[in-house]
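Residues in the sequence shown are numbered from 12 upward in steps of one, following the working numbering.
Down below is the structure, laid out as structure tokens.
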Amino acid sequence: MPEPFAVLTGDLIDSTSLDLTQLNDALQALENASRDIAGWGGGIVTGFARRGGDGWQCAIAVPALSLRAALFLRAALRELGKSRSTRIAIAEGLGTLPADRNPNSGHGPAFIASGRLLATLPAHVAMAHAAKGDLAAAVRLADHISSGWTPAQARAVRLMLWPRDRIRADAAKHLGITRQAVNQALWGAGFPAIDDALRMIEAKGCAT
12 MPEPFAVLTG DLIDSTSLDL TQLNDALQAL ENASRDIAGW GGGIVTGFAR RGGDGWQCAI
72 AVPALSLRAA LFLRAALREL GKSRSTRIAI AEGLGTLPAD RNPNSGHGPA FIASGRLLAT
132 LPAHVAMAHA AKGDLAAAVR LADHISSGWT PAQARAVRLM LWPRDRIRAD AAKHLGITRQ
192 AVNQALWGAG FPAIDDALRM IEAKGCAT
């Protein structure tokens, strides 16, 4: 029976500059991050699959978390280096995943819309939402902010994206740096504003 899904379809930016090992490392980082998202709890089901040489797709069964998940994926990739980035096209709607959770075999409007959106993204946009209005605007702004993350900023941001109630002292301990360094990384990454926006979006969408 169809369920609500957010589908994120993407491809690596400037993938032709990567050798095979770098390409595989980048896609593996995204797959690992997808598995981390599945561990967020609250009934989240995720599926991840590679598409073509440098593409990928991820399905998430809690659509309200789509932007948080997209930023989590982008941060995981950016940790590998400042030049590592991916385009991400987000769409929400009813759909079904097969038993193996391979989104390449998923069905429903969200799967179609996400793929089509990726194919039509203009050159200056790397992350977008198929919805219109406030949500699409928030995603566009998040794209602009996150495109400038350094690897150090990405590491701090990814830790703070989930769990949502993680304190900065815990992030500092995990990273082996001072709390001041964490604060500096988060402010430089624009995280306080991103965090506020995510909480407003998720409250409206009743995310767990």
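Each residue gets a CB set at the ideal place from its N, CA and C atoms; glycine is no exception.
For the pair Ser77 and Trp67, the Cα-to-Cα distance works out to about 15 Å.
In this structure, Arg190 and Glu90 do not form a Cβ contact; the two beta carbons are roughly 20 Å apart against a cut-off of 8 Å. Distance from the CA atom of Trp51 to the CA atom of Phe83, rounded to whole angstroms, is 12 Å. For Ile55, no alpha helix (DSSP H) encloses it, and the DSSP letter there is neither H nor E. For Val193, the enclosing alpha helix (DSSP H) has its first and last residue at 190 to 199. When C-beta atoms of the region 58 to 72 are compared with those of the region 192 to 202, fewer than three pairs fall below 8 Å, so the two segments do not count as touching. Contact annotation: Ala137 and Ile48 have beta-carbon atoms that are not nearer than 8 Å. According to the DSSP assignment, Gly126 belongs to the alpha helix (DSSP H) that extends over 120 to 131. It is roughly 32 Å from the alpha-carbon of Arg151 to the alpha-carbon of Lys184. Of Arg61, Met171, Lys143, the smallest CA-CA separation from Ile101 is found for Lys143. The three-state reading of DSSP puts Pro15 in strand, counting E and B together. Annotated three-state conformation of Gly144 is coil, per DSSP. Bridge partners of Leu23 according to DSSP: Thr97. Secondary-structure assignment with DSSP links Arg61 through a beta bridge to Trp67. Per the C-alpha coordinates, the member of Arg79, Ile99, Pro109, Met171 positioned closest to Arg127 is Ile99.
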